[in-house]
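Just so you know, the numbering used here puts the end of the sequence shown at 200, numbered straight through with nothing missing.
Ideal placement from N, C-alpha and C gives every residue a C-beta, glycine not left out.
Notes to accompany the following structure.
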Amino acid sequence: MRLALILSLSTILAADAFAQAPGETAIVEPAPAPEVRSSYRRQLIIADTLAVATVGAGVAAGVWIYDPEDFHLPMMVGALGFTSFVTTAPVIHFAHGNVGRGFLSLGARILLPAVVGSTLAVGLNLEEHDDAYGTAMGTGFAVGAVAAIVLDWFVLTPSTVRRAAEHPVPHVAPTFSASTEHVFLGLGGSL
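Structure follows, in structure tokens:
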């Protein structure tokens with residue numbers, strides 16, 4: 010009689026454990042990802058430094074190395090640097106999903122040097138044939154370019170706070186089920 014009672018109690022108690030459906034094991038949620046401050050300002054700094062260095066190399070080559078009559082190579086190097094200055098930063102903004110900021114950057118990089126250079130030349134009452142006209146325009150272009158760079162780096166480039174990249178973490182839990190004919194032991198989970 011005792012043996013029958015022990016067997017029936019153990020069967021009843023074991024039935025609750027075996028009746029648990031696969032996948033109902035408690036899943037422990039991972040801690041949320043830490044916040045990360047993200048900015049692509051460094052990419053803009055590198056691109057602008059290379060562009061300004063290229064323009065500077067073209068100007069230096071034109072002034073110190075090449076004959077004033079042979080200005081093609083220095084002019085091409087300077088044009089390459091200026092094209093890089095105008096287009097690279099907007100492309101970086103576009104690549105990071107900031108299309109509006111990219112167009113603002115493009116406009117600032119085209120208009121600010123031209124407007125500041127023209128304003129300086131007109132403000133000094135210079136005509137195109139004056140000797141100081143080229144110097145005034147060049148100085149104004151340089152000041153406008155620096156203003157566009159500063160505007161881009163510190164105003165147009167966002168510094169966003171976001172969660173670290175959250176990749177889907179698989180939730181895995183052991184499963185166990187048994188019947189009179191089979192015993193199943195395995196893993197269950199989801200993404």
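- Taken through DSSP and simplified to helix, strand or coil, P183 comes out as strand.
- If you compare the alpha carbons of S168, V124 and L135 with that of A151, the shortest gap goes to V124.
- If you look at P99, you'll find it in the alpha helix (DSSP H) that goes H81 to A104.
- Distance from S114 to D161 at the Cβ level is roughly 5 angstroms; contact confirmed, criterion being Cβ atoms closer than 8 angstroms.
- If you draw a 10 Å sphere on the C-beta of F91, you find 16 or more other C-beta atoms in it, and that means buried.
- Bounds of the alpha helix (DSSP H) holding Y142 are A141 to L160.
- In the DSSP assignment, F193 forms a beta bridge with S186.
- Assignment of S199 by DSSP, reduced to helix, strand and coil, places it in the strand class.
- In terms of CA proximity to G143, L129 leads the group F112, L129 and G153.
- One thing to note: I158 has its Cβ within 8 angstroms of the Cβ of D57.
- Counting along the chain, A69 sits inside the alpha helix (DSSP H) bounded by residues R50 to A69.
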